[in-house]
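Here's the structure we're looking at; comments come further down.
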């Protein structure tokens, strides 16, 4: 096992007081949204816990045969695998410890009274059930991800696994008689009306969302830092989106017009409640999302420190499962699944590009990671070899993809039969378009594409969505 | 791997219609307690699932290095280990699928209306939160149990692990402002009054209960069927206790006087609500307990089929963790932890007997299972060897235990120093008192002691408890 990356102790001694301040602050004097302070404080503790636990438990992982060889390195000493389990455990533990802060009326009572000016406080039982069912789904995703690592389930078999993890979400959603209506885009309203009840289809949509979020991370993997950086950037994007809906004090407002927001969307808004226009429900939904995303950013950042090139820890499937499920949870429970999907643009692109290989039209090797040239330390696109000539359909698809510049084909010099094709992943696509580069640079390119995707997503959500949706959003 | 035990297919074809009938029954015509029918139906499905999945996944467990050698057999082919994971997974999955049946007002609404004669139905948010937090604790126990199996945590380190699993219970209990009062026994009321608020001590009590329930199974292990049979008999005892509180129709009542019930306890009771005396809260608590215990009996019975002598599957720590936590959950949430502890008499005896070894006063070998004589196939008590002479305290304790007939000492013929002592477990105690016997007989003796313990518990609870408690029970 390679030596773990050293941790500057200034980090520990610097961050503990900051975290403690955030946790203690709401007890000193009433603040608006006290639970948010706690969440930030807990997230800093979660960051520290991840940073320190990952290297500490590495040898135990190696000993338990949870180890992997880095395919793209000359150094073949095993690296601890499945350490996403540590992230998941820290993440879920802090979410559980957070329960009394978010839901106990004894803690949050006084503030609520002053904020809303009413004296009858309903205990937020409904929100607690939703929160607990989300935790259940996350925990099942963790367990299944870890089982996947231990039992090494074949990828075709594991695609439906996230559906099992989404069952608690669906069950509680059903038991609570959750809303299954969706707002119809304006151009289609003459057909369906303003609202349409999807009924059982809504449940299928929810479980497919968790399946997609999980598997789309899982197939965009293979280079140091790729899995965790996707999760990190998407989580930050979700947080930025949530912040738009919080009741900010006036001197701390986000300049919405920079995000391409159309002027008319702001009309009639209650400024002190951001984009929520004073709707308590919208504020609560986005607070819920923040409670899940802040510690997610923390554990991802902590893990990334050890997973960054050259990786000292591997995430395993566990990390993809738990992060994917966390995004599905907030998208579903806080009702912004369409916005969430916009943050998955690189994943959607990678999934669509991968389809010919996933569905067996093009041969799919065990690993599709780029190929390394150890002399130059540069990565090149890896190739799928055709053992027999491709069918007409496969040829058509590959020629189209090649014409679009998405893959590169090696054809027989005389009859033009396809012999080889670049593996259909976004990583190989980057290498094809931008030329060979080293592994660190490639993950940076991937991260840039994720950031660019999020910026595009914000433009679409707050700029263009006004064209097909009115203010009646869910 | 030894061949799995064959399953008669009549079981499958016979039980599926029965289970389906229980699930469908409440939809055909209104029945009292419709969710109980569903629970029974689901439990039968859980039994079948456990019976069939355990042998099916055995090879995958072996392949993933989750295997063990049976210490008490001549056959040294590895047996799949940690298959309690299958029980836990089936158990929790059915508990999750059960959520809409127990809590959806759309399903249970009509019946409730007719039963209580009121039209405003409150959605049972509180119960749903409690149910979900219980599932979280069970799931964490499963995950930790499995991690224990994979990482092989040393026993001294793993004693506090169940405390982590009890955190969701405690958090939700706190967030819901759960009751921390206990009823004081009559002889002590002159000191403390009728009710005493334990406050934080109550939370410590709850986490210690889960730690005790889990670890007491874990240290009473080592022979085929020992772990699962304890869980099975305790679960059946809890179910019998719960049934006393249900609103039975008159022609299906349990003869309470046979259990040593004093006549005066029945006075004033509403017969149609059993021992609950018409208290809706007591009925609901014991229904909650039944929802957890019925599938527990099912998965334990299914597992026992494969774990019975000679074992074709080993439970691993996972089974102890999940069953122990399930008992802690029902004891805490349904408020009968004192009654529950009465069902743990053999475990308490074994724990107290083990204390000198657990706390290092007497040497504790890695395994304390009885020793087998392969010629006769009989088990004999195993011994702990003193490498150096015992301290005065150890000598005193061992001499006392020996005088009580709980252990057997080998002393130095001249100076009387203790050289060896029988390992201090209930299994070795049985072998000492009843003579050598084979493994199957020993587990049967253990089961008989568990049944006897439960019968004694019922006598104490419904016979003698009236001496120190009045009707004001929790």
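Protein chains in written order, with this note's numbering: chain A, 71 to 544; chain B, 71 to 544.
All C-beta atoms, glycine included, are put in the ideal place defined by N, C-alpha and C.
Note that the structure is predicted; figures quoted are calculated from it, not measured.
Start-to-end residues for the alpha helix (DSSP H) that takes in residue i
i	result
residue 480 of chain B	Element bounds for residue 480 of chain B: not the alpha helix (DSSP H) but the beta strand (DSSP E), 479 to 481.
residue 133 of chain A	104 to 133
residue 267 of chain B	Unbroken run through residue 267 of chain B is the beta strand (DSSP E), 265 to 267; no alpha helix (DSSP H).
residue 89 of chain A	79 to 98
residue 228 of chain B	225 to 228
residue 349 of chain B	Counting along the chain, residue 349 of chain B falls outside any alpha helix (DSSP H), and DSSP gives it neither H nor E.
residue 379 of chain B	Note, residue 379 of chain B: premise wrong, no alpha helix (DSSP H); not H, not E.
residue 408 of chain B	407 to 412
residue 221 of chain A	195 to 221
Chain B contact residues for residue i, given Cβ-Cβ distances below 8 Å
i	result
residue 530 of chain A	In chain order: nothing, as chain B lies at least about 36 Å away.
residue 199 of chain A	195, 198, 199, 202
residue 212 of chain A	213
residue 206 of chain A	166, 202, 205, 206, 209
Inter-residue CB distance, residue i and residue j (contact presumed, cutoff 8 Å)
i	j	result
residue 104 of chain A	residue 96 of chain A	3 Å
residue 551 of chain A	residue 448 of chain A	Only positions 71 to 544 of chain A appear in this structure, which leaves residue 551 of chain A out of reach.
residue 395 of chain A	residue 194 of chain A	Actually they are not in contact, since the Cβ atoms of residue 395 of chain A and residue 194 of chain A sit about 23 Å apart, beyond 8 Å.
residue 139 of chain B	residue 146 of chain B	5 Å
residue 372 of chain A	residue 121 of chain A	4 Å
residue 546 of chain B	residue 463 of chain B	Only positions 71 to 544 of chain B appear in this structure, which leaves residue 546 of chain B out of reach.
residue 353 of chain B	residue 317 of chain B	6 Å
residue 424 of chain B	residue 495 of chain B	6 Å
residue 456 of chain A	residue 490 of chain A	7 Å
residue 418 of chain B	residue 276 of chain B	Not quite, the Cβ-Cβ distance comes to about 18 Å (not below 8 Å), so this is no contact.
residue 150 of chain B	residue 383 of chain B	5 Å
residue 387 of chain A	residue 249 of chain A	About 32 Å; that fails the 8 Å criterion.
Cβ of residue i within 7 Å of any chain B Cβ
i	result
residue 134 of chain A	yes
residue 406 of chain A	no
residue 161 of chain A	no
residue 97 of chain A	no
residue 105 of chain A	no
residue 358 of chain A	no
residue 262 of chain A	no
residue 317 of chain A	no
residue 320 of chain A	Confidence in residue 320 of chain A is poor, its pLDDT being 47 and thus under 50, which makes the residue's placement unreliable; the coordinate value appears in the next sentence. No, no contact with chain B.
residue 130 of chain A	yes
Identity of the residues DSSP links to residue i by a beta bridge
i	result
residue 486 of chain A	In the DSSP output, where bridge partners are listed per residue, residue 486 of chain A has none listed.
residue 564 of chain B	Residue 564 of chain B is absent from the model: chain B starts at 71 and stops at 544.
residue 453 of chain B	B:492
residue 448 of chain B	B:443
residue 137 of chain B	B:150
residue 507 of chain B	B:449
Chain-ordered chain B contacts of residue i [CB-CB under 9 Å]
i	result
residue 239 of chain A	Those do not exist, as residue 239 of chain A stays about 10 Å from chain B at its closest Cβ, beyond 9 Å.
Interface partners of residue i on chain A, CB under 8 Å
i	result
residue 108 of chain B	Residues of chain A passing the Cβ test: none, with the nearest at roughly 13 Å.
residue 364 of chain B	In chain order: nothing, as chain A lies at least about 18 Å away.
Proximity test, residue i beta-carbon vs the ligand FMN heavy atom, cut-off 6 Å
i	result
residue 163 of chain A	Ligands displayed in this structure: none; no statement on the ligand FMN is therefore possible.
Neighbouring residues, chain A, relative to residue i (Cβ below 9 Å)
i	result
residue 399 of chain B	Ordered by position in chain A, no residue passes the 9 Å Cβ test against residue 399 of chain B, which lies about 14 Å from the chain.
residue 167 of chain B	237, 241
residue 314 of chain B	In chain order: nothing, as chain A lies at least about 28 Å away.
7 Å Cβ cut-off: residues of chain A touching residue i
i	result
residue 220 of chain B	134, 220
residue 90 of chain B	Neighbours of residue 90 of chain B on chain A: none; closest Cβ ~20 Å, over 7 Å.
residue 381 of chain B	The contacting residues do not exist; residue 381 of chain B stays about 21 Å from chain A at best.
Cβ of residue i within 7 Å of any chain A Cβ
i	result
residue 245 of chain B	yes
residue 71 of chain B	no
residue 170 of chain B	yes
residue 183 of chain B	The pLDDT assigned to residue 183 of chain B is 41, lower than 50, so where the model puts this residue is not dependable; a value taken from the coordinates is nonetheless given after this. Chain A contact via Cβ: absent.
residue 384 of chain B	no
residue 115 of chain B	no
Residues that residue i contacts on chain B, provided the C-beta gap is smaller than 7 Å
i	result
residue 173 of chain A	245
is_contact[residue i, chain E] using C-beta, thresh 7 Å
i	result
residue 312 of chain B	Although the question refers to chain E, the structure presented lacks it and instead comprises the protein chains A and B.
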